[in-house]
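Numbering of the sequence shown is given in our numbering, commencing with residue 1104 and proceeding in unit increments.
Where a beta carbon is used, it is the ideal one built from N, C-alpha and C, also for glycine.
Here the structure is laid out as structure tokens; the discussion comes afterwards.
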Amino acid sequence: MIGQLINGTTDDDTLIGTDGDDTINGLSGTDIINGGLGDDLINPGDNADFDFVDSGAGNDTIDFSDADNGFFVIGFDALAGEATYNISGSDNSGTIDKGDDGVTTLLNVQSAMLASGFGAQGSPNDDVFNVTGVDSGFAFIRGLAGNDTFNIVSGPGTVRLDYRSSSVSTGIVADLSTGQVSEDGFGGMDTIVGDPVRQIRGSDLNDSITGSTNGERIEGADGDDTIVGGGGDDSLRGGAGDDVLRPGAGDDYIEIQAGDGDDTVIFTDATSGFFALAHFDLSSGVTFNIDGVANTGTVDKGPEGTTILTDVEVVMTQATLNLYGSFDGDDTFNVTVAEGGNVRIRGYGGNDTINYVDGPGLARVDYNSGSVSTGIVANLATGIVSEDGFGSMDTLLGDPVRDLAGTRFSDDIRGGAANERLRGRDGNDTILGAAGDDALQGEDGDDFLRGDAGRDTIEGGDGNDSIFAGPGDDSGDFMFGGSGTDVVGGGFGNDHLVGGTGSDTLFGGHGGDLIYVGEQILTTSSSESRDSAGGTAWAGSGNDVVHGADGNDVLGGGNDDDQVYGFRGNDVLYLGAGADYAEGGFGDDTIFGGAGNDQIFGGEFGDEEGDDLVYNGGGNDTVDGEGGSDTIWGGPGNDVLYGGDDSDTFAFASNNGTDTVGDFQLGGPEQDLLNLVLLGIASEQEALSLMTDTLDGVSLSSGGTTAIFQGHTVADFTSNSGWFDDTVF
């Protein structure tokens, strides 16, 4: 039969088809469409809220190609028989087999799921639902009356089993562990087959819903509900009414929202995982009164009721309890943590008050929320968080907060007198310790971190960080640059500085410091420090240890007796005052001796290759070039020089004192060279004329410098040639 063309408007329409083959276009607005009899083509269009479509009897087509916003619900309230729903968001297709009433075909169902969501309602009969979602999409199934069967394919997107209906006469009874809904609210019994259901919502009456060992989201909606989580990473939401929620053990994160009403949350089975007691949906502030030592807890929700918490000690000590306040209200947290327990407090928006009792357990105040719009400004010394990330101010009362975490934005966090752990997370943070042994962590971003009095541990994390021990006269701090181009500076005390990856600059400070340019702290003999970029490190006062890494490093000693290790790469090592020890390591290194009696090794353990350049400083130094073709300058003082393997060059200038060369090689492929240009000696013959035999070996004196070559006579030098080097330096 020829039907009609029926077009809606941009307003909210009710469109009813004829007995013919109609074409119905809903356009925008919240529309209710009934195709009637005939083979109809229905396009509900778009909407800001929802569209409801009942295609009626006939071989109909519903096209969702214009679905960009809002919810789209299909239903078949008037079918005389059973219906089978085969809907796949992944395949972007769907059919509803209505038996004698024909088949409805769904086109572009994926568009509806990717808008606000798609819903399929059953008939009053025994329906079968075979449903697959789509990535990032949402769908719900509502069987209504009848003994329905649900086969929901796990994986893409979200598909929720939904029992909300104004027509139910009683609450539902569902057990996801058995796949049975023994009461569907209409007197029927539903069966879940195939993959486990991951989301279920009850009715507005008194429901009883039990979860399985899988991770599930279970919502009670209105009514006095009883919800048991079972195992898995669950989200339990009581909604309005006086609810009882009993979460089970989980592997990760379990969310509990009691909602309105006088509720009870039982933590007896909460023996693992992270449990979040949340109050996002409440319109006013809440007051937490939780004492893990006394094993008691209540949440006063004001006009919206009270939640009683049982066995809080279990969840604190065997798992982690997260306390989340209302989203915008002024919340109060009165918290004592049980011995060995862990609690995290997050107030969200509003002017919150945190009254922490310093007990045997640990409480962290955590501002890391995806809803914040700016970084926090917190001062633990004054107990004021003048910016909480939401534009409000929090107050910290009671005992000192010992653990505080910032946001993904740029935070300003300043410590107090206690031993504190302060974390910046993302953003370019400023974190300042105070008295006490503090742990400061910048994490991501270009952070500024400074310790103070006490034995502090400071970690920059990712980003280009600036890390300083601070002015406190303490027993030594531990500082780690992490990745990025960092600046790390020691203070008073024997500090431990590690640059990490990236081109870092490290300064020792007062005290005997241990300094590593690379990313790993190891002993000298392990050769495991790694950093391909190269860095800069300078020791301060005190007996320091400075380690380079894989890159081309610049390393400097300080005023006292330091140890400087170049490791891999072409490094430059500067020794300061004091009796220093230096190893160039692998690569072509340049080493400058200092004013003290130094020990300098071009390689690391005697077998490394590398053409090193060594300039002795003042003092009586010992130098061993080790492997490679090295150039060694005598320098002021009475030095002992060894070239090591390969052909080395020994160079001398005026007023260098008396130097001894212990292994000068004459002849062969590894013959050493002697450079006397800065002594004014221009040829091999002139050098021979200045040599004499002594008990210690060959002695050559000129311009206030004496060089002794052990194990040789003047005749050895005369009988060999090619040992004189006239290179002008």
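Quick check: the Cα distance between Met1419 and Thr1294, rounded to an integer number of angstroms? 37 Å
Could you spell out the range, first to last residue, of the beta strand (DSSP E) harbouring Ser1191? 1187-1191
Please go through the stretch 1167-1237 and give each complete beta strand (DSSP E) segment of 3 or more residues, from N-terminal end onward. 1174-1177, 1187-1191, 1196-1200, 1206-1210, 1220-1224, 1231-1235
Would Gly1884 and Ala1484 qualify as a contact pair, given that the criterion is a beta-carbon distance under 8 Å? The displayed coordinates of the chain run from 1104 to 1832. Any statement about residue 1884 would go beyond what the structure contains.
Using beta-carbon positions only, say whether Trp1826 and Phe1820 come within less than 8 Å of one another. yes
Near Gln1107, which residues of its chain fall below 6 Å by C-beta distance, leaving aside the five closest residues on each side in sequence? Thr1121, Asp1125
In the DSSP assignment, find the unbroken alpha helix (DSSP H) run with Thr1821 in it and report its ends. 1817-1822
Please specify which runs of the beta strand (DSSP E), each continuous and at least 3 residues long, are wholly inside the stretch 1331-1417, giving them in chain order. 1338-1340, 1347-1350, 1356-1360, 1366-1369, 1377-1381, 1390-1394, 1399-1403, 1409-1413
Please name the residue, chosen from Leu1609, Leu1217, Arg1511, that lies closest to His1050 on a Cα-to-Cα basis. Nothing about residue 1050 can be read from this structure; the chain reaches only from 1104 to 1832.
Other residues of its chain near Asp1665: CB distance less than 6 Å, five sequence neighbours each side excluded: Ala1642, Asp1647, Asp1683
If you measure between the beta carbons of Phe1289 and Leu1247, is that distance less than 8 Å? yes
Anyone know if the C-beta pair for Gly1557 and Ala1538 falls short of 8 Å? yes
Fully enclosed by the stretch 1772-1812, which alpha helix (DSSP H) runs are 4 residues long or longer? 1787-1792
In or out: Met1794 buried (at least 16 other Cβ within 10 Å) or exposed? buried
Excluding the 5 residues preceding and the 5 following Val1311 in the sequence, name in chain order all residues of the same chain whose CB lies nearer than 6 Å to its CB. A quick correction: the sequence has Ser, not Val, at residue 1311. Only Val1276, Thr1329 meet the Cβ criterion.
Mapping DSSP to helix, strand and coil, what is Gln1092? Outside the displayed span of the chain (1104 to 1832) sits residue 1092, for which this structure offers no information.
So what's Met1419 in DSSP terms, helix, strand or just coil? helix
Can at least three beta-carbon pairs, one atom from the stretch 1187-1205 and one from the stretch 1149-1156, be found at a separation below 8 Å? no
What residues are listed by DSSP as bridge partners for Met1104? Answer by DSSP bridge pairing: none, since Met1104 is not bridged.
What is the residue span of the beta strand (DSSP E) that Gln1609 lies within? First, the amino acid is wrong: residue 1609 is Leu here, not Gln. Where Leu1609 is concerned, the enclosing beta strand (DSSP E) stretches over 1608-1610.
Ser1090 - partner residues in DSSP beta bridges: For the chain, the structure presents residues 1104 to 1832; residue 1090 sits outside this window and is missing.
Helix, strand or coil at Tyr1459 according to DSSP, with G and I counted as helix: strand
Among Ile1244, Asp1506, Gln1788, nearest to Asp1541 - alpha-carbon criterion: Asp1506
Using the Cα positions of Ala1186 and Asp1229, report the straight-line distance between them to the nearest angstrom. 7 Å
Among Ala1151, Ser1131, Gly1161, whose alpha-carbon lies nearest the alpha-carbon of Asn1835? No answer is possible for residue 1835: it lies beyond the span of the chain, which begins at 1104 and ends at 1832.
Per DSSP, what are the beta-bridge partners of Asp1124 in this structure? Ile1105
Measure how close the beta-carbons of Tyr1718 and Phe1695 come, nearest whole angstrom, since I'm counting them as under 8 Å. 5 Å
What residues are listed by DSSP as bridge partners for Ala1642? DSSP, once it has assigned bridges, lists no residue as partnering Ala1642.
Buried or exposed (CB count within 10 angstroms, at least 16 for buried), Met1104: exposed
Thr1316 (DSSP reduced to helix, strand or coil): coil
Select from Ile1570, Gly1548, Pro1772 the residue whose C-alpha is nearest the C-alpha of Asp1529. Gly1548
Report the CB separation of Asp1345 from Asp1325 in whole angstroms; it is logged as a contact under 8 Å. Not confirmed; about 11 Å, so no contact.
Where Arg1304 and Glu1407 are concerned, what is the direct C-alpha to C-alpha distance, given to the nearest angstrom? 21 Å
What does the Cβ neighbour count give for Thr1772, buried or exposed, with the cut at 16 atoms within 10 Å? It is Pro, not Thr, that sits at residue 1772 in the sequence shown. Per the 10 Å Cβ criterion, exposed.
If I measure Cβ to Cβ from Ser1429 and keep anything under 6 Å in the same chain, skipping five residues before and after, which residues do I get? His1382, Leu1385, Gly1388, Val1389
Given Asn1662, which residues of its chain have a CB within under 7 Å of its CB, disregarding the five upstream and five downstream residues? Ser1644, Gly1679, Ala1680, Gly1681
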